[in-house]
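If you're matching them up, the sequences are chains G and B in order. One point on numbering: in my numbering, the residue at position 212 of the first sequence is 1357, and numbering is uninterrupted. One point on numbering: in my numbering, the residue at position 503 of the second sequence is 1648, and numbering is uninterrupted.
Number of protein chains: 2
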Amino acid sequence: MNQDNLYAMRHSLAHITAAAVQRIWPEAKFGVGPVVDDGFYYDIDLGDHKVSEQNFNKIEKTMRRIIAEKQEFKHFTLPIDEAIAWAKETNQPYKEELLNDLKRSGTTIASDLDQSEMGTITDGDSALDEVGFYTNGNFTDLCRGPHVANTHEVGVFKLLRVAGAYWRGNENRPQMQRLYGVAFNEPAELDEYLERREQAKLRDHRRLGKELDLYTISPLVGAGLPLFTPRGTVLRDVLAQYSNQLRQSYGFQKVWTPHITKTDLYETSGHWAKFGDELFLVTSQETSDKMALKPMNCPHHTQIYASSPRSYRDLPVRFLETTTDYRDEKTGELGGLNRVRSLTQDDSHVFCRHDQIEDEINRLLSAADKLYSTIDMKLRVRLSYRDDGDGYLGEKDLWGSAQEQLKAAVIANNLDYFEQDGEAAFYGPKIDFMATDAIGREHQVATIQLDFVQPGRFSLGYTDEDGSTQTPVMIHCALLGSVERFMSVFIEHTAGWFPVWAAPEQIRILTINDTVLDYVDEVEQVLASTVLMTPVKYNELRFSRDARNESLGKKIREATAKKVPLQLIVGPQDKEARQVSVRSRDEETKVSLDELAEYLQSLK
Amino acid sequence: MNQDNLYAMRHSLAHITAAAVQRIWPEAKFGVGPVVDDGFYYDIDLGDHKVSEQNFNKIEKTMRRIIAEKQEFKHFTLPIDEAIAWAKETNQPYKEELLNDLKRSGTTIASDLDQSEMGTITDGDSALDEVGFYTNGNFTDLCRGPHVANTHEVGVFKLLRVAGAYWRGNENRPQMQRLYGVAFNEPAELDEYLERREQAKLRDHRRLGKELDLYTISPLVGAGLPLFTPRGTVLRDVLAQYSNQLRQSYGFQKVWTPHITKTDLYETSGHWAKFGDELFLVTSQETSDKMALKPMNCPHHTQIYASSPRSYRDLPVRFLETTTDYRDEKTGELGGLNRVRSLTQDDSHVFCRHDQIEDEINRLLSAADKLYSTIDMKLRVRLSYRDDGDGYLGEKDLWGSAQEQLKAAVIANNLDYFEQDGEAAFYGPKIDFMATDAIGREHQVATIQLDFVQPGRFSLGYTDEDGSTQTPVMIHCALLGSVERFMSVFIEHTAGWFPVWAAPEQIRILTINDTVLDYVDEVEQVLASTVLMTPVKYNELRFSRDARNESLGKKIREATAKKVPLQLIVGPQDKEARQVSVRSRDEETKVSLDELAEYLQSLK
């Protein structure tokens, strides 16, 4: 069965969910019920009554009854005013609000809801003020479709969870309940999904973040603003350092810019018009400067480029900065490290001549490839092109050739790719990297973006061989993307069993009894003078000693709970033989003290 | 002659300056004329006429005439309303405004002007609404004194410069002209001062910052928000890294916190009441959270401490974070890197038991001592105590014993010190470090602060040996202070001739002709594999090659202009002998290629 049918099936199940809820609680008021990854949801307002997972059995039973009834999905349309009258009569105030918005704004609908999700516009060319409906059994819903033919054609499904969701994502509007379900064609697919979900729960970085003591969220500081403990900071730093060193090996130089700026900078770059309402605004009480927290770093970097005269011989100029940007994300969308308000980007900008683009793109593709093969994640790339919308700056011809250049580079580098319109940045097309984690989920991570717009807007130039002034091209790139988001992916990918080079605590020495303490001193001297050199250079070993008067079993359990990748067990026999017993997830082995440093340096 | 007399002398010269200006331009309106370091200034409004250095001769001549006239400084007082009438009659609107403010606010005067600078309050216990005046010759000024007996007793002076200054530091008020002068008892002192000033000009970090390409200020980003170029970023990083490594060697662990927070955090800490109007406020357009940019890091760090249960055995817990804070400094006070709005602190916080304070203070004193002896700056410390004002939190008894503890530690460590009341933080007494630079100027740099207040306000605790819950003490410490400010001091201290370990470009290879290029490849291989280990560990060499077809003289001049500390000259004879000719500020010497790495590692 194809994707379209799966979509129709899931969409139909959203209606069936709502129909079942209505059958059980006739007073239910409905918001929207779109298709999402792997399934669907429906936003429902039951007043004081709150649906809980305890109700799922009952709802699912009613859904199965509706499915068994093989109700036909019948399409019809109504003029907008009649549709509004219908919403009033049936006491559906949310639908009424949507219809009123639709009436006011003509063909489009409110920007806070995706059109396909709300699905209120008729497909035909007929009157723009006609809206579509679908009815199955007693349930009628404002809807664009498509649907399956009848309620029996919906495959296998399961209600998964219920969560609070503000109406239209606005915390000042009523809180509804969002009922999530998943649906697939075959039972085996559902089983596989549920299995992967179990796995994902065990790997949930929010849970592991707490268990492994990596970060904390303080209500006094605020949501989406994680504070990193010493262990979490080691992880952050070692990942950022890897990205920094990798980029330095490709000729990038570190720069530093402040986290705030006058908004003049974004008015010049074009970001203000596009993203002005997604910024944190900053008010100076001393001056009248209009300021903002930086949500990206490219405009700042243009100012460093502009601070010196540049000649064609100086290009490419390559800046890197791993720095924290601030984005005013909706509270409801914040979750652990996955989406935060303080996101640290491993950002880079190349300023180059047109004839240098291909080479620079190739270098960046190679850097990304190196990083993700070290992390052991498979990459594929999305070529993100513009669509016909008008949010884009720059000449259309340039866009066309730039898109072709990116595609050629991706093909030349033998990368697995797909193309998608409408995903470009406003200043140019992008290559977006998707990395697959250990349980098969894909995450958007690195990005490479071509930019023919900002250099011109900032009047950047270089003196060409013939003495003329030319405008450089900018290439934006981040390898990890956001360090916080990458950490969430990395924690879940590894289930917290970080590779030795990245682990906050790499080694714990577990003593069998107190007769070995002097020998443990010697072991620690070896560890203290051992420095890992790959993939991150100058990575001093991070180790601790558990010499408590406790059983070895307890010590092993505790070190394992903290997911310390290397446990060095030291007993009288080890002391005698001048060795340590290494216990890792891969092996248990004896290593002589003389060879310990070499052994550790050879670990992957 | 003592300091008090020097003060009176300089204060009298401020009046004499104003008197001279009035004699030349009778329409002059006067602001304030306080004593400052080494001299005095007077703020003057001459309407459209702007005083320039070309007028200095004339003003100084008139001043000398007034001095020769031996005019007596006569003190008298007036009731406040008569004083206001005087200001009106003499057409002195700024004085009138100050007097009106004084009348409104009773005993105090507007907080934007230092009381002693404005000098309007009578000394006696008499009526609070009596204000003091001084007259010399035809010139009368609202003034608290003290003054010398007559205009002849003012030593030697010189007008130095004139600069724009907003009335009361407010950019929305008129811009006045601030006439600066210096004054000393003896001509030799003035000469010495002027000589040091010449020196200081040559070392001015704003000038060197540009010449050495260290940072830039962009009008689009804003004043006080420097952006660091690759060279400046190397310097920032290597200094911060030194402080980080030093603190890590003393048991500190890195943490990371975001740059913004809900203001709830500062309401709890007590900073909001104290510094609320000096913060940059942050507005979320998505939520109604009241937020601010962090101006310090202690409250954030308490939240990491609070994220885990702590036992007496876990203490001391030592956090370090080198992170950027934001302070809403007045535009007029911003200058180069010395005072910025984005200041990066090498901040540290110890959470410890009371019985651990002494040991922790000693460790921090030792760390500061190590750092400043590496930098080759002499330190002395100020013991900063509270005064009787009411801006302080916490019990007075605790303050007393804390101040004694700090003093004992400073004496035990044989530090040169002085004591000053009224310089403490609101939460506890401090040790402030003053470092003397190469031309004898003292700069406030590192600080160690005891804090008995914040742990309680944040309900921090640890489980003591007897199972009870106790409150830890906090010790704040920064070694560099602000990285930016420290850079400004370091640039001027070294005149841009940074020690090899810190120089952005450490080594430049200068070729004599093209026959040596293959040998230069070999030299570069040695450099690329040499890593300096002290004072900063893992400090990879930063070198470049000047193989242009230019004269050696020109190459040396250019490398010297960029203050590259090591120039390796390579000619056919060097190639033949497998050596390089090292040219540094200290020596010119030949070093064999085999011994080059060792030679470089041995440099101070």
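Beta carbons: idealized from backbone N, C-alpha and C, even for Gly. For clarity, every value in this text was computed on a predicted model and none was experimentally measured.
By Cβ distance, which residues of its chain are closer than 6 angstroms to G:His1220, with the 5 residues on each side in sequence left out? Excluding sequence neighbours, G:His1220 sits near Tyr1279.
So that I know if they touch, is there some Cβ in chain B lying closer than 7 angstroms to that of G:Gln1422? The residue asked about is misnamed: residue 1422 of chain G is Asp in this sequence, not Gln. Judged by the 7 angstroms Cβ criterion, G:Asp1422 is in contact with chain B.
B:His1588 lies in the beta strand (DSSP E); which residues open and close that run? Per DSSP, the unbroken beta strand (DSSP E) holding B:His1588 starts and ends at 1587-1596.
Determine the closest residue to B:Leu1370 out of G:Ile1405, G:Tyr1387, G:Lys1699, with distance taken between C-alpha atoms. Out of G:Ile1405, G:Tyr1387, G:Lys1699, G:Ile1405 has the C-alpha closest to the C-alpha of B:Leu1370.
Contact residues within the stretch 1358-1376 of chain B, judged by C-beta distance below 7 angstroms to chain G: Answer set for the stretch 1358-1376 of chain B: Asp1358, Thr1361, Ser1363, Leu1365, Val1366, Gly1367, Leu1370, Leu1372, Phe1373, Thr1374, Pro1375.
So is G:Pro1403 in contact with chain B if we call contact Cβ pairs under 7 angstroms? For G:Pro1403, the answer is yes, since a Cβ of chain B falls inside 7 angstroms of its Cβ.
Boundaries (first-last residue) of the alpha helix (DSSP H) holding B:Arg1392: B:Arg1392 -> alpha helix (DSSP H) spans 1375-1394.
For B:Ser1433, which residues in the same chain have their Cβ closer than 8 angstroms to its Cβ, ignoring the five residues on either side in sequence? Cβ neighbours of B:Ser1433 beyond the five flanking positions: none.
How long is the line joining the alpha carbons of G:Gly1162 and G:Lys1240, rounded to whole angstroms? The amino acid occupying residue 1162 of chain G in the given sequence is Thr; Gly does not appear at that position. When only Cα atoms are considered, G:Thr1162 and G:Lys1240 end up about 17 angstroms apart.
Taking the C-alpha atoms as reference points, what is the distance between G:Lys1522 and G:Gly1641? Per the sequence shown, residue 1522 of chain G should be read as Met rather than Lys. One alpha carbon belongs to G:Met1522, the other to G:Gly1641, and they sit about 15 angstroms apart.
Contiguous alpha helix (DSSP H) assignments of at least 4 residues, all confined to the stretch 1413-1459 of chain G: DSSP runs (the alpha helix (DSSP H)) wholly in the stretch 1413-1459 of chain G: 1416-1420, 1443-1450.
Within the 7 angstroms Cβ cut-off, does B:Leu1745 reach chain G? So no, B:Leu1745 is outside the interface.
Cβ pair count under 8 angstroms reaching 3, the stretch 1604-1617 of chain B against the stretch 1469-1486 of chain B: Touching, no.
If you reduce the DSSP assignment to three classes, tell me which class G:Ala1583 lands in. Three-state DSSP puts G:Ala1583 in coil, outside helix and strand.
G:Val1181 burial status per 10 Å Cβ neighbour count (16 or more: buried): So G:Val1181 ends up on the exposed side.
May I have the straight-line CA-CA distance separating B:Val1276 from B:Val1634, to the nearest angstrom? For B:Val1276 and B:Val1634, the distance between alpha carbons rounds to 41 angstroms.
Got a sec: is the Cβ-Cβ distance from B:Ala1431 to anything in chain G below 7 angstroms? It is worth fixing the name first, because residue 1431 of chain B is Glu in this sequence and not Ala. Closer than 7 angstroms: yes.
Using only the alpha-carbon positions, how far apart do B:Ser1271 and B:Asp1492 sit? Confidence in B:Ser1271 is poor, its pLDDT being 37 and thus under 50, which makes the residue's placement unreliable; the coordinate value appears in the next sentence. Approximately 48 angstroms, taken between the alpha carbons.
Under a Cβ-count criterion, where at least 16 other Cβ atoms within 10 Å of its own Cβ denotes burial, should G:Gly1269 be classed as buried or exposed? Caution applies to G:Gly1269, whose pLDDT of 38 falls short of 50 and renders its modelled position unreliable; the value that the coordinates give is listed next. With fewer than 16 neighbouring CB atoms inside 10 Å of its own CB, G:Gly1269 falls in the exposed class.
Starting from G:Val1715, follow the alpha helix (DSSP H) in both directions and report where the run begins and ends. Counting along the chain, G:Val1715 sits inside no alpha helix (DSSP H); it lies in the beta strand (DSSP E) bounded by residues 1711-1715.
Alpha-carbon to alpha-carbon, G:Arg1508 and G:Gly1573: Their Cα atoms are separated by approximately 19 angstroms.
So, helix, strand or coil for G:Ser1157, using DSSP? G:Ser1157 falls in the helix class under three-state DSSP.
Spatial neighbours of G:Arg1155 in its chain, beta-carbon cut-off 7 angstroms, leaving aside the 5 residues before and after: The residues are Val1180, Gly1184, Phe1185, Ala1328.
For G:Gly1277, list the residues DSSP reports as bridge partners. The partner list for G:Gly1277 (beta bridge, DSSP) reads G:Thr1222.
Alpha carbon to alpha carbon, what distance is there between G:Pro1680 and G:Pro1644? The C-alpha of G:Pro1680 is placed about 11 angstroms away from the C-alpha of G:Pro1644.
Do G:Ala1345 and G:Arg1323 have their CB atoms nearer than 7 angstroms? No, these two residues do not count as a Cβ contact at 7 angstroms.
Interface flag, G:Phe1278 vs chain B, CB-CB below 7 angstroms: Judged by the 7 angstroms Cβ criterion, G:Phe1278 is not in contact with chain B.
Quick check on B:Asn1684: buried or exposed, where buried means 16 or more other Cβ atoms within 10 Å of its Cβ? Using a 10 angstroms sphere on the CB of B:Asn1684, the tally of other CB atoms reaches 16 or more, which defines it as buried.
Helix, strand or coil for B:Gly1300? Go by DSSP, reduced to three states. In the three-state reduction of the DSSP assignment, B:Gly1300 falls in the coil class, being assigned neither a helical nor a strand state.
So B:Gly1585 packs on B:Arg1341, CB below 8 angstroms; how close in whole Å? For a cut-off of 8 angstroms, the C-beta gap from B:Gly1585 to B:Arg1341 is around 7 angstroms, short enough to register as a contact.
Could you check whether the stretch 1439-1456 of chain G touches the stretch 1589-1603 of chain G, counting it as contact only if at least three pairs of C-beta atoms, one from each stretch, sit closer than 8 angstroms? Between the stretch 1439-1456 of chain G and the stretch 1589-1603 of chain G, the count of C-beta pairs closer than 8 angstroms reaches three or more; the two stretches touch.
Where DSSP assigns a beta bridge to G:Val1727, which residues make up the other side? Paired residues: G:Leu1713, G:Thr1734.
Would you say G:Lys1419 reaches chain B, if we count a Cβ-Cβ gap shorter than 7 angstroms as a contact? Chain B, which has no Cβ nearer than 7 angstroms to the Cβ of G:Lys1419, makes this no.
So does the stretch 1650-1659 of chain G actually touch the stretch 1616-1630 of chain G, counting three or more Cβ pairs closer than 8 angstroms? Too few Cβ pairs lie closer than 8 angstroms, so no.
Within 10 angstroms of the Cβ of B:Met1678, are there 16 or more other Cβ atoms? Answer buried if so, exposed if not. Exposed is the label assigned to B:Met1678, since fewer than 16 other Cβ atoms lie within 10 Å of its Cβ.
What residue range does the alpha helix (DSSP H) around B:Ala1213 cover? In the DSSP assignment, B:Ala1213 falls within the alpha helix (DSSP H) that extends over 1201-1213.
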